[in-house]
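As given, the protein sequences belong to chains A and B, one line each in that order. Heads up, the final residue of the first sequence is numbered 1509 in the working numbering, and it's a clean run with no missing numbers. Heads up, the final residue of the second sequence is numbered 1509 in the working numbering, and it's a clean run with no missing numbers. First the structure, in the form of structure tokens, and then the observations on it.
Protein chains: 2
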Amino acid sequence: MKEESIVVLGVDPGFGITGFGVIRRGGNTVSVCDYGFLKLKPTDSLSCRVGVFYSFFQEKIKTHGVTCVSLETSFLGKNAQTFLKLGFLRGVLYLLADQNNLKIIEFSPMEIKQAITGFGGAGKDQVSFMIQRLFPRIIFQGEIKYKDVTDALAIGLCGAWSK
Amino acid sequence: MKEESIVVLGVDPGFGITGFGVIRRGGNTVSVCDYGFLKLKPTDSLSCRVGVFYSFFQEKIKTHGVTCVSLETSFLGKNAQTFLKLGFLRGVLYLLADQNNLKIIEFSPMEIKQAITGFGGAGKDQVSFMIQRLFPRIIFQGEIKYKDVTDALAIGLCGAWSK
């Protein structure tokens, strides 16, 4: 029986920069289909930014035939209101998962670091370094916020590797 | 010039019970068009519950021609993960506001209590009592979680009274 390929959308959401990576796994090969970031305009209203976020990922899901969304579990930081608003974006991803019949998986920051670098206490730099090792064809140009993108790719890769 | 009527959807979101009230204001009269609650099934997946929440309020917005969504500002309670998930539902309401071109207003718990009872430190019972005074035709039947509903009506009423 031929194994179906799975397409994972890894997202590292934020109201400033949201990194994303789309990873396809067919059998034993894993490849990157798309990656980049979404920058929301701070001058737009909150509801407008939520709407832009929804449309952006709706389009990515359709274009790449995404089958699974992968997220990093978020923990309360210093600012409770920022944390709540992060929930807005995560809620939109859960909604998109429901509307497009996608699986949704969450990984803790430690699980992601462990899976990518072999060490659960690794720093962001190390994750970034490993992602660029694993996918040497990825080229970061100009002012791209590459750590948001490599983080999202790491999250997506965990989804692609799981089960 | 004839004043346009505004239709406010007040929502008190929760993953257990979400109370809602739809209030129409035309000139000096304020009336209740709809009220009740949505109970999400704890056995459903998180994305499914978010999807049900979206569809439920999408339908309410279309049916009543809602022009404005009114919410209570939420503050971090004891459980950070509950607070984050509350953000999911609020995010869905912000998305619906964007998709349907609605205004969205938030009031602090104190503003709501002040507006409804004249006292910012009032209890939930007092808010509930005043709502039933203002709208004596509202009848709560059976196992309805009436305080979630009266809270939502209070939030909606603040929206209808504002500006």
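Every residue gets a Cβ at the ideal spot worked out from N, C-alpha and C, and that includes glycine.
Residue closest to residue i, alpha-carbon to alpha-carbon, out of the options
| i | options | result |
| --- | --- | --- |
| L1386(B) | V1376(B), F1399(B), T1413(B) and N1374(B) | F1399(B) |
| P1455(B) | V1473(B), G1373(B), G1397(B) and I1407(B) | V1473(B) |
| I1363(A) | T1463(A), R1395(A), L1430(A) and G1467(A) | R1395(A) |
| Y1381(B) | S1508(B), K1493(B) and W1507(B) | K1493(B) |
| A1447(B) | N1374(A), C1504(A) and S1393(A) | As written in the sequence, residue 1447(B) is Asn, which differs from the Ala given in the question. Considering only alpha carbons, the answer is S1393(A). |
| L1384(B) | G1365(B), T1463(B), N1374(B) and S1401(B) | G1365(B) |
| A1461(A) | A1500(A), S1420(A) and F1421(A) | A1500(A) |
Beta-carbon proximity of residue i to residue j, cut-off 8 Å
| i | j | result |
| --- | --- | --- |
| K1459(A) | T1413(A) | no |
| V1357(A) | A1443(A) | no |
| V1376(B) | S1416(B) | no |
| I1407(B) | A1506(B) | no |
| V1378(A) | G1367(A) | yes |
| R1430(B) | S1420(A) | According to the sequence provided, residue 1430(B) is Leu. The question's Arg does not apply to it. Yes, the Cβ-Cβ distance between L1430(B) and S1420(A) is below 8 Å. |
| G1397(B) | L1441(A) | yes |
| S1401(B) | I1451(B) | no |
Cα-Cα separation between residue i and residue j, rounded to whole angstroms
| i | j | result |
| --- | --- | --- |
| N1425(A) | L1432(A) | 11 Å |
| P1521(A) | T1496(A) | As displayed, chain A neither begins before 1347 nor continues past 1509, which places residue 1521(A) out of reach and without an answer. |
| D1471(B) | F1434(B) | 28 Å |
| H1410(B) | V1438(A) | 24 Å |
| Q1404(A) | E1418(A) | 19 Å |
| I1484(A) | G1502(A) | 15 Å |
| P1388(A) | G1372(A) | 39 Å |
| C1504(A) | F1453(A) | 8 Å |
| E1350(B) | N1374(B) | 11 Å |
| G1466(A) | D1390(B) | 32 Å |
| T1428(B) | L1480(B) | 33 Å |
| E1457(B) | R1436(A) | 28 Å |
| T1463(B) | Q1478(B) | 12 Å |
Start and end residues, alpha helix (DSSP H) containing residue i
| i | result |
| --- | --- |
| R1479(A) | K1470 to L1480 |
| G1505(B) | Y1492 to W1507 |
First through last residue of the beta strand (DSSP E) which encompasses residue i
| i | result |
| --- | --- |
| G1464(A) | Where G1464(A) is concerned, there is no enclosing beta strand (DSSP E), given that its DSSP letter is neither H nor E. |
| G1367(B) | I1363 to G1372 |
| I1352(B) | I1352 to D1358 |
Problem set entry | Continuous beta strand (DSSP E) assignments of at least 3 residues falling wholly in the segment 1422-1448 of chain B | Within the segment 1422-1448 of chain B, not a single complete beta strand (DSSP E) segment reaches 3 residues in length.
For this session: At 4 residues or longer, and completely inside the segment 1382-1420 of chain B: list those alpha helix (DSSP H) runs for me, N to C.
Result: Runs found: 1392-1410.
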